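Asker: 1 is the number of the first residue of the sequence shown in full-length UniProt numbering; add one for each residue after it.
All residues carry an ideal CB built from backbone N, CA and C; glycine is no exception.
Model, not experiment: these values are computed from the prediction.
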Amino acid sequence: MARHRRRAGPARHPVPAVRARMTTAPHPVLIQPGAPQDMAGPGWQRTTAQGATMGTGWHLTCWSAPGLPDPVPIVHAACAETIALFSLWSRDSAVSRFNHAAPGWHRLPAPVIALLNDSLRLCDLTSGALDPTLGRLADLWGFGPSGPVTAPPEPEALEAARGACGRARLRLQGAHVFQPGGLWLDFGGIAKGWAVDLASQRLSTSGLSIHLIEIGGEIAARGLSPEGQPWWIDIETPPAAALPRCLAAVHGMALAGSGCWRRRSGAGAGWSHTLDPATGQPCDEAVLSAHVFHPRAALADAWASALMVLPPEDALALATAQSLPALLTLRNGVRRSACLSDWEDAA
Numbered sequence: 001m002a003r004h005r006r007r008a009g010p011a012r013h014p015v016p017a018v019r020a021r022m023t024t025a026p027h028p029v030l031i032q033p034g035a036p037q038d039m040a041g042p043g044w045q046r047t048t049a050q051g052a053t054m055g056t057g058w059h060l061t062c063w064s065a066p067g068l069p070d071p072v073p074i075v076h077a078a079c080a081e082t083i084a085l086f087s088l089w090s091r092d093s094a095v096s097r098f099n100h101a102a103p104g105w106h107r108l109p110a111p112v113i114a115l116l117n118d119s120l121r122l123c124d125l126t127s128g129a130l131d132p133t134l135g136r137l138a139d140l141w142g143f144g145p146s147g148p149v150t151a152p153p154e155p156e157a158l159e160a161a162r163g164a165c166g167r168a169r170l171r172l173q174g175a176h177v178f179q180p181g182g183l184w185l186d187f188g189g190i191a192k193g194w195a196v197d198l199a200s201q202r203l204s205t206s207g208l209s210i211h212l213i214e215i216g217g218e219i220a221a222r223g224l225s226p227e228g229q230p231w232w233i234d235i236e237t238p239p240a241a242a243l244p245r246c247l248a249a250v251h252g253m254a255l256a257g258s259g260c261w262r263r264r265s266g267a268g269a270g271w272s273h274t275l276d277p278a279t280g281q282p283c284d285e286a287v288l289s290a291h292v293f294h295p296r297a298a299l300a301d302a303w304a305s306a307l308m309v310l311p312p313e314d315a316l317a318l319a320t321a322q323s324l325p326a327l328l329t330l331r332n333g334v335r336r337s338a339c340l341s342d343w344e345d346a347a
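And the structure:
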C-alpha cells in the first residue's frame, strides 16, 4: 500500500487517508534517480481533488499555470473509459461482453488487446503468477460481479472454475480473441494502473504535467513543485510486522502495491484477495505486501500482483532479472530487489 504526501509544511497532500504529520522517527528513504523533466513555475496554482470510482477512490494533486483546463473532468473521463472497457460489474463493458459471448472469434477494442498482450507477456515471464483468464475463479471466491461469498467454494465448483480458466484456452489473432466458451477475462490486477496511466497521460498532454494521481492505491507522480520538491510517497507496511514505513521521493515514476493484510470486512474477509493460479486458491501469504516502481502504473500494478504469488526468493530473483525496483514485506522484514541500489537510500 502507498500513501502520498509532501515533505514539509503547506505542500503536504491533504487527502484524508494520508498521515498529515512530520515524524522525527528514522525512516528508510528512497529517492528516484535521474533528472526530473518538469518543474512548476512561480505563481502556479496548486489544485487538489478526490472522488469515487471502480469501487475505490481517486486523489489528485497538480500544479498548473494560469489558463490551463480543470483537471477533474480529465480524471473522470479516464475512469469512465476504464469502466467502459474493463469493468466486470458493467455488462456493457467490452470485457464483460466478451466473457458472456458465444464461442468463436470476437473483435475487442485496441486498448483491451494491448493490455491483454501485456498481461500475457507477464503471465509467461512469471510462470503464470499473473493470469488474466482467472475471472471465473475470482468470481467464485467472492471477488467478482456475483458478489461476496460466506464460505470457501466446494471442491467440485473449484475444479469446474479452474477448468474454465487458463492461458492455454486463450487465442489471439490481431484484434480478435477466441472465446472457447465460458472463459472470463479479468483485469483486476492491472486495470486501475491502466486508468492511472491514462489519466496521467491526458493530464500531461493538457499542460498539467506536474501532478500526482492515485486510483485505488496505484500512483503516478510527475515533476517537481515550485520549491523543487518531488512527490513524497509513504509506503505502508503491515501493522503486525512492526516495521518502519518507507518514504519514496518520486518525480517521474509510477508505484503500485499489493498486500494481504488490509482485507475487507464481512463475507470473505478470512482469505487473501490474491489468487494463486497454480492452485485456484488464495495465496499462502508468504509475501505480506509487494510494491513495485515502474514507468507505467499498469505494469507496476501487474508486477506487484504477480510478486505476491511467487515464493519470496523467486519473486526477488525475478524482479532483479527484470530490473524492477521492488520492495517485498515478509513476516521477518523487508527485502529489496537488487536494482533498488540505484536509488539513494537515506536510511
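Around the Cβ of W89, are there at least 16 other Cβ atoms within 10 angstroms (buried) or fewer (exposed)?
Answerer: The sequence position of residue 89 within the sequence shown is 89, counting from 1. Flag for W89 reads exposed.
Asker: Considering just the uninterrupted stretch of the alpha helix (DSSP H) at D314, what are its terminal residues?
Answerer: As a working mapping, residue 314 is identified with position 314 in the sequence shown. Per DSSP, D314 belongs to the alpha helix (DSSP H) from 312 to 321.
Asker: Put Q50 into one of helix, strand or coil per three-state DSSP.
Answerer: Here the question's residue 50 lines up with position 50 in the sequence shown. Three-state DSSP puts Q50 in a strand.
Asker: Starting from T126, trace the beta strand (DSSP E) in both directions and tell me its first and last residue.
Answerer: As a first step, residue 126 is located in the sequence shown; it is residue number 126 there, counting from the start. Premise fails: T126 is in no beta strand (DSSP E) and is neither H nor E.
Asker: Taking C-alpha atoms, which residue in E313, G142, L183 lies nearest to H106?
Answerer: As a working mapping, residue 106 is identified with position 106 in the sequence shown. The option with the nearest alpha carbon to H106 is L183.
Asker: Please classify R222 as buried or exposed, where buried requires at least 16 neighbouring CB atoms within 10 angstroms.
Answerer: Along the sequence shown, one-based indexing puts residue 222 at 222. Buried, by the Cβ-count rule.
Asker: Give me, in chain order, the residues of the same chain whose beta-carbon lies closer than 7 Å to that of E285; leave out the 5 immediate sequence neighbours on both sides.
Answerer: Counted from its first residue, the sequence shown places residue 285 at position 285. Excluding sequence neighbours, E285 sits near C260, S272.
Asker: Near H294, what residues of its chain come up, given a Cβ to Cβ distance below 6 Å and the 5 sequence neighbours on each side ignored?
Answerer: Numbered from its first residue, the sequence shown carries residue 294 at position 294. Cβ within range, chain order: A254, A300.
Asker: Under 8 Å by Cβ, that's how I've got V334 and M308 pegged, so tell me the actual separation to the nearest angstrom.
Answerer: Position 334 of the sequence shown holds residue 334. Position 308 of the sequence shown holds residue 308. Rounded, the Cβ-Cβ distance is 15 Å, inconsistent with contact.
Asker: From the DSSP output, read off the bridge partner residues of G104.
Answerer: The count along the sequence shown starts at 1 and reaches residue 104 at position 104. Paired residue(s): Q179.
Asker: Tell me whether Q173 sits in a helix, a strand or coil according to DSSP, three-state version.
Answerer: The sequence position of residue 173 within the sequence shown is 173, counting from 1. The answer is strand: DSSP assigns Q173 an E or B state.
Asker: So, with DSSP's three-state summary, where would you put T82?
Answerer: Numbered from 1 along the sequence shown, position 82 holds the residue referred to as residue 82. Helix, per DSSP.
Asker: Please state whether DSSP places D301 in a helix, a strand or coil.
Answerer: The sequence position of residue 301 within the sequence shown is 301, counting from 1. Looking at D301 - three-state DSSP - the assignment turns out to be helix.
Asker: Between which two residues does the beta strand (DSSP E) harbouring T205 extend?
Answerer: By one-based count along the sequence shown, residue 205 stands at place 205. Unbroken run through T205 is the alpha helix (DSSP H), 191 to 205; no beta strand (DSSP E).
Asker: State the beta-bridge partners of E214 as determined by DSSP.
Answerer: Position 214 of the sequence shown holds residue 214. DSSP, once it has assigned bridges, lists H59, I219 as partnering E214.
Asker: With 16 other CB atoms within 10 Å as the buried threshold, where does H100 fall?
Answerer: Position 100 of the sequence shown, counting from 1, holds the residue named residue 100. That one is exposed.
Asker: When you compare only the Cα positions, how much space is there between E159 and R167?
Answerer: Counted from its first residue, the sequence shown places residue 159 at position 159. Counted from its first residue, the sequence shown places residue 167 at position 167. Distance between the alpha carbons of E159 and R167: 16 Å.
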